[in-house]
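**Student:** Be aware that the sequence shown starts at 2, since it is given in our numbering, and climbs by one per residue.
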Amino acid sequence: MDFELPEQHRILRQTVRDFCEREVRPKAREWDREERFPHEIVPKLAELGLLGIRIPEAYGGS
2 MDFELPEQHR
12 ILRQTVRDFC
22 EREVRPKARE
32 WDREERFPHE
42 IVPKLAELGL
52 LGIRIPEAYG
62 GS
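1) Touch check for the region 42-57 and the region 15-30: three-plus C-beta pairs under 8 Å?
2) Please state whether DSSP places I56 in a helix, a strand or coil.
3) Grab me the residues of E31's own chain with a C-beta within less than 6 Å of its C-beta, minus the 5 sequence neighbours each way, in chain order.
4) By how many angstroms is the C-alpha of R34 removed from the C-alpha of E41?
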């Protein structure tokens with residue numbers, strides 16, 4: 002059995018990991034302390050195609 006992730010999934014995992022290290026981790030405590038959702042990161046998530054990930058490409062997903 003092959004338990005390795007397909008290349009596409011490994012790329013996605015690394016992309017999300019890099020994004021979180023760069024954009025989320027430095028401010029996570031602040032956002033938690035303020036008890037707020039960081040709406041300013043939503044456009045950045047969209048740029049990476051992460052918002053439409055569960056929607057088929059035929060319907061505008063990524």
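No residue lacks a Cβ here, since even glycine has one placed at the ideal position from N, Cα and C.
**Tutor:** From the atom records:
1) yes
2) coil
3) none
4) 17 Å
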